[in-house]
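What follows is a single structure, written as structure tokens, with notes after it.
In the numbering used here, the protein residues as written are 885 to 1165.
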């Protein structure tokens, strides 16, 4: 028997052992009757998380070892462990985080095709790498990409933050949004939207205009409680995700989510509890 050089022997050994998880083996087709789609619950939004909705119409149980979203539109994160056995079901949700949107300066990008990559085993078979195609264009990914990249475009020009001083005035909390220049252009801050817990209003319409030669401005805002039930306070998921609408140089209006810092959140919660008559509970 002819002996192989040591280097070639190592190459062949590694090639023969490369069929395990994490190797470059080609993916197999999804198990028969198993499909996926993407969804997002309200509690997922602040956590930058998605749900991979798995449907299994077959009589054979499948086991997901891990799961991953892969698309050029978002940064690809490492696979997320799943450890989920799924029998015949209309829908089973597997949560995964998703990466930051891949935005382009000056314009909104088009959403790119996406796949869900998972290691899946059927019956007693070992896990195999499976690629599920997500129907394109996916409406959820389209919205998430649009929202994040709209925010990105505004953030290239200005930063928008809650000002440090918020004071009780009558039955409302009054303060300012601080708009600070980062890039070129005239920025019009059109308005601020309410959240699940707070109604946001202003006497100024638009809230303010930061002219091209200006570096900073303040836009006054008023907050009042929007939901006074104890259940609402206990289950708050988006209480402080305030949508602020703005445009640059008269262009399309974009939305940026502005979140007050934790000390202001604590103060607003204490104010809302008191205003709702729940301060003693």
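Where a beta carbon is used, it is the ideal one built from N, C-alpha and C, also for glycine.
{"Asked": "Pull up the DSSP beta-bridge partners for residue 1102, would you.", "Found": "1062"}
{"Asked": "Which whole runs of the alpha helix (DSSP H) in the stretch 1089-1157 are 4 residues long or more, in chain order?", "Found": "1114-1118"}
{"Asked": "To the nearest angstrom, report how far apart residue 1148 and residue 1155 are at their CA atoms.", "Found": "10 Å"}
{"Asked": "Would you mind stating whether residue 1092 and residue 1061 have Cβ atoms separated by less than 9 Å?", "Found": "yes"}
{"Asked": "In terms of alpha-carbon separation, which member of 1097, 1089 and 1160 lies closest to residue 1133?", "Found": "1097"}
{"Asked": "Per DSSP, which one or two residues make a beta bridge with residue 1038?", "Found": "Bridge partners of residue 1038: none, in fact."}
{"Asked": "Cα separation between residue 1074 and residue 933?", "Found": "29 Å"}
{"Asked": "Quick check on the burial criterion: 16 or more other C-beta atoms within 10 angstroms. Buried or exposed for residue 1131?", "Found": "buried"}
{"Asked": "Which same chain residues, not among the five before or five after residue 920, have their C-beta less than 6 Å away from its C-beta?", "Found": "936, 938, 1000 and 1016"}
{"Asked": "How long is the line joining the alpha carbons of residue 1034 and residue 1087, rounded to whole angstroms?", "Found": "26 Å"}
{"Asked": "Work out the CA separation of residue 1122 and residue 926 for me, nearest whole Å.", "Found": "8 Å"}
{"Asked": "Alpha carbon to alpha carbon, what distance is there between residue 1095 and residue 905?", "Found": "Interpretation of residue 905 is limited by its pLDDT of 43, a score under 50 that renders its predicted location unreliable; no figure is taken from the coordinates."}
{"Asked": "In whole angstroms, what is the alpha-carbon distance linking residue 1021 and residue 1128?", "Found": "27 Å"}
{"Asked": "Between the Cα of residue 914 and the Cα atoms of 1137, 1037 and 1005, which residue gives the shortest distance?", "Found": "1005"}
{"Asked": "Residue 1068: buried (16+ other C-beta within 10 angstroms of its C-beta) or exposed?", "Found": "exposed"}
{"Asked": "Which same chain residues end up closer than 6 Å to residue 945 when comparing Cβ atoms and leaving out the 5 residues on each side of it in sequence?", "Found": "969 and 971"}
{"Asked": "Would you mind sorting residue 985 into buried or exposed? The rule is 16 or more other CB atoms within 10 Å of its CB.", "Found": "buried"}
{"Asked": "Helix, strand or coil, according to DSSP, for residue 907 in the structure here?", "Found": "Unreliable positioning characterises residue 907 in this predicted model, as indicated by a pLDDT of 45, which lies under 50. The coordinate reading is nonetheless provided below. In this structure, residue 907 counts as coil in the three-state DSSP scheme."}
{"Asked": "Can you check the stretch 914-967 for any alpha helix (DSSP H) of at least 4 residues that lies completely inside it and give the ranges in chain order?", "Found": "926-929"}
{"Asked": "Using three-state DSSP, classify residue 972 as helix, strand or coil.", "Found": "coil"}
{"Asked": "Over what stretch of residues does the beta strand (DSSP E) that includes residue 1082 continue unbroken?", "Found": "1082-1085"}
{"Asked": "Name the DSSP bridge partner or partners of residue 977?", "Found": "937"}
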